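Presented below is the structure to which this report refers.
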Amino acid sequence: MTAQLIDGQAIAQKVRDEVKVKVAERIAAGKSQPGLATVLVGERVDSATYVSMKQKACADLGMTSFHHPVPADISQEDLEKLIKELNADPKVNGILVQLPLPDHLDEERVLQLISIEKDVDGFSPINIGRLAQKGREPLFVPCTPYGCIYLLKEAGVQISGANAVVLGRSNIVGMPAALLLVKENATVTVCHSRTKNIADVVRQADILIAAIGRTEMVRGEWIKPGAAVIDVGMNSKPDATKKRGYRLVGDVNFDEAKEVAGFITPVPGGVGPMTIAMLMANTLRAAEIQDE
Ligand code: NAP
Numbered sequence: 002m003t004a005q006l007i008d009g010q011a012i013a014q015k016v017r018d019e020v021k022v023k024v025a026e027r028i029a030a031g032k033s034q035p036g037l038a039t040v041l042v043g044e045r046v047d048s049a050t051y052v053s054m055k056q057k058a059c060a061d062l063g064m065t066s067f068h069h070p071v072p073a074d075i076s077q078e079d080l081e082k083l084i085k086e087l088n089a090d091p092k093v094n095g096i097l098v099q100l101p102l103p104d105h106l107d108e109e110r111v112l113q114l115i116s117i118e119k120d121v122d123g124f125s126p127i128n129i130g131r132l133a134q135k136g137r138e139p140l141f142v143p144c145t146p147y148g149c150i151y152l153l154k155e156a157g158v159q160i161s162g163a164n165a166v167v168l169g170r171s172n173i174v175g176m177p178a179a180l181l182l183v184k185e186n187a188t189v190t191v192c193h194s195r196t197k198n199i200a201d202v203v204r205q206a207d208i209l210i211a212a213i214g215r216t217e218m219v220r221g222e223w224i225k226p227g228a229a230v231i232d233v234g235m236n237s238k239p240d241a242t243k244k245r246g247y248r249l250v251g252d253v254n255f256d257e258a259k260e261v262a263g264f265i266t267p268v269p270g271g272v273g274p275m276t277i278a279m280l281m282a283n284t285l286r287a288a289e290i291q292d293e
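Residue numbers for the sequence shown follow our numbering, beginning at 2 and rising by one.
Here is the structure:
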């Protein structure tokens with residue numbers, strides 16, 4: 002293996018420890034305990050698992066969480082009413098609506114309703130718009146892309162002036178990751194399902210962020226020697242040796258890529274833990290903004 006492993010688990014723990022200390026300090030100073038409201042629509046098992054991990058992280062770090070499970074057939078009107086109540090509740094500093102929402106709900110309208118000061122997921126059009134504009138700063142950066150950039154910086158990867166390639170252009174990962182890299186002065190190419198000769202584009206990358214949800218699609222021979230590879234993908238691959246019958250793998254063929262790359266994140270244990278750590282950092286920031 003030539004690549005240096007970027008240990009997302011350890012780096013996420015460091016972020017969490019820092020948040021925990023700051024939360025304790027603000028409470029000792031007589032300020033409010035940061036509070037995160039989680040809204041879970043329906044009973045998707047994966048969504049429920051993510052929400053319970055976020056609630057647990059709040060408890061571990063000394064923050065409060067307010068859980069709002071609502072039925073899958075909730076009306077748009079009732080969901081909007083709940084968001085407005087949470088916007089008005091001073092104990093709630095951050096609001097997280099677990100996505101995806103059922104098809105009958107207008108996700109865009111729901112996200113737009115979240116007060117910008119409580120938009121700890123960073124998905125509101127105002128936060129994304131600010132991310133895209135020169136000289137403006139979002140109040141909150143979306144957690145997964147924020148985690149990707151944080152990992153690159155912690156590993157000491159030079160972003161400014163680097164050729165960066167982002168695979169995927171979703172609202173929650175690919176596009177904000179590309180915008181963040183531009184802000185950090187990288188030269189960025191965004192690839193998607195219509196990109197031609199994707200392997201040739203990836204070969205130009207000093208930094209690769211892969212977020213396409215395609216099992217091990219990126220091969221070792223696509224990687225530029227010495228490149229930094231951040232693998233966001235979380236895909237299940239059949240594995241008879243595992244009790245549950247599968248294991249989690251990324252969008253990058255790790256065994257091949259680690260022989261070529263300079264830095265690489267594992268799956269699991271790379272970007273995944275960072276997402277929740279950055280949500281906790283954003284929730285603390287929300288409380289601080291609302292102190293002002
Ligand atoms: P998504 O919304 O499905 O977007 C996938 C993107 O990849 C789209 O832009 C799509 O292009 C592109 N794409 C799909 N197939 C492609 C192909 N064969 N070649 C090139 N581009 C292709 O997915 P997402 O929500 O961004 O998530 C991406 C991956 O990250 C998933 O595995 C997800 O589980 C994982 N994820 C992990 C975390 C974490 O915390 N670790 C958080 C979020 C997501 P088009 O736009 O043209 O359709």
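Heads up, the beta-carbon is just placed ideally off N, CA and C, and yes, glycines get one too. These numbers were taken from a predicted model, which means no experiment stands behind them.
Checklist entry - When the distance is taken between beta carbons, is N128 closer than 8 Å to L140? => result In this structure, N128 lies closer than 8 Å to L140 by Cβ.
Item to check | C-alpha distance - G63 paired with K225, whole-angstrom precision | outcome: Near 43 Å, if we compare the C-alpha coordinates of K225 and G63.
Next on the checklist: Tell me which residue opens and which closes the beta strand (DSSP E) that R248 is part of.
Outcome noted: For R248, the enclosing beta strand (DSSP E) covers residues 247 to 250.
Next on the checklist: Here's the rule I'm using: 16 or more other beta-carbon atoms within 10 Å means buried, otherwise exposed. How should V46 be labelled?
Outcome noted: With fewer than 16 other Cβ atoms within 10 Å, it is exposed.
Item to check | Rounded separation between G271 and I265 - CA only | outcome: Rounded to the nearest angstrom, the gap between the Cα atoms of G271 and I265 is 9 Å.
Next on the checklist: For a test of your reading of the model: does the CB of V174 fall under 7 Å from any non-hydrogen atom of the ligand NAP? Yes or no.
Outcome noted: The ligand NAP approaches V174 closely enough that one of its heavy atoms is under 7 Å from the residue's Cβ.
Next on the checklist: Can you tell me which residues form a DSSP beta bridge with F124?
Outcome noted: DSSP lists no partner for F124.
Item to check | Chain-order list of residues whose beta-carbon lies under 8 Å from that of A30 (same chain, five-residue window excluded) | outcome: Closer than 8 Å at the Cβ level, and outside the excluded window around A30, lies no residue.
Checklist entry - Can you find a heavy atom of the ligand NAP that lies under 7 Å from the Cβ of G123? => result Not one heavy atom of the ligand NAP sits closer than 7 Å to the Cβ of G123.
Next on the checklist: Can you confirm whether the region 247 to 266 touches the region 207 to 223 when touching is taken to mean that 3 or more C-beta pairs between the two stretches lie within less than 8 Å?
Outcome noted: Flag = yes, the region 207 to 223 and the region 247 to 266 touch.
Checklist entry - Is A212 near the ligand NAP, with its Cβ less than 7 Å from a heavy atom? => result Yes; taking the cut-off as 7 Å, the Cβ of A212 has a heavy atom of the ligand NAP nearer than that.
Checklist entry - Sorted by chain position, which residues of the same chain lie with C-beta nearer than 7 Å to A282's C-beta, five sequence neighbours on each side aside? => result The residues are V16, V20.
Checklist entry - Can V71 be considered in contact with the ligand NAP, in the sense that its beta carbon sits closer than 7 Å to one or more heavy atoms? => result Answer for V71: no, Cβ out of range of the ligand NAP.
Item to check | Inter-residue spacing [alpha-carbon to alpha-carbon] between Q358 and V191 | outcome: With the chain covering 2 to 293 only, the question about residue 358 has no answer from this structure.
Item to check | Boundaries (first-last residue) of the beta strand (DSSP E) holding V191 | outcome: Unbroken beta strand (DSSP E) run through V191: 188 to 192.
Next on the checklist: Using 8 Å as the threshold, is the C-beta distance between A287 and N94 below it?
Outcome noted: Judged by beta-carbon spacing, N94 lies within the 8 Å limit of A287, meaning their Cβ atoms are closer than that value.
Next on the checklist: Contact defined as beta carbons within less than 8 Å: I believe S66 pairs with T39. What is the distance between those atoms, to the nearest angstrom?
Outcome noted: The Cβ separation is near 6 Å, so the contact holds.
Next on the checklist: Which of the three DSSP states is assigned to L299 in this structure?
Outcome noted: Any question about residue 299 goes unanswered here, given that the chain covers just 2 to 293.
Checklist entry - How would you label S194, buried or exposed, when you count the other beta carbons within 10 angstroms and need 16 or more for buried? => result Exposed, by the Cβ-count rule.
Checklist entry - By Cβ distance below 8 Å, which residues in the same chain neighbour A13 in space, the five residues on each side in sequence not counted? => result Closer than 8 Å at Cβ, skipping near neighbours: G148, P274, M275, I277, A278.
Checklist entry - Quick one: complete beta strand (DSSP E) runs, 3+ long, within the region 114 to 180? => result Scanning the region 114 to 180 for uninterrupted beta strand (DSSP E) segments of 3 residues or longer gives 164 to 168, listed from N- to C-terminal end.
Checklist entry - Within 7 Å: the Cβ of K192 and any heavy atom of the ligand NAP? => result As written in the sequence, residue 192 is Cys, which differs from the Lys given in the question. Distances between the C-beta of C192 and the heavy atoms of the ligand NAP include at least one below 7 Å.
Next on the checklist: If I follow the unbroken alpha helix (DSSP H) through L100, where does it start and stop?
Outcome noted: It is not in any alpha helix (DSSP H) - L100 carries neither H nor E in the DSSP assignment.
Next on the checklist: I'd like the list of long-range same chain contacts for G169, defined as Cβ closer than 6 Å, with 5 residues on each side in sequence excluded.
Outcome noted: G175, A212, I213.
Checklist entry - So the alpha helix (DSSP H) N283 belongs to, where does it begin and stop? => result Note, N283: alpha helix (DSSP H), 272 to 292.
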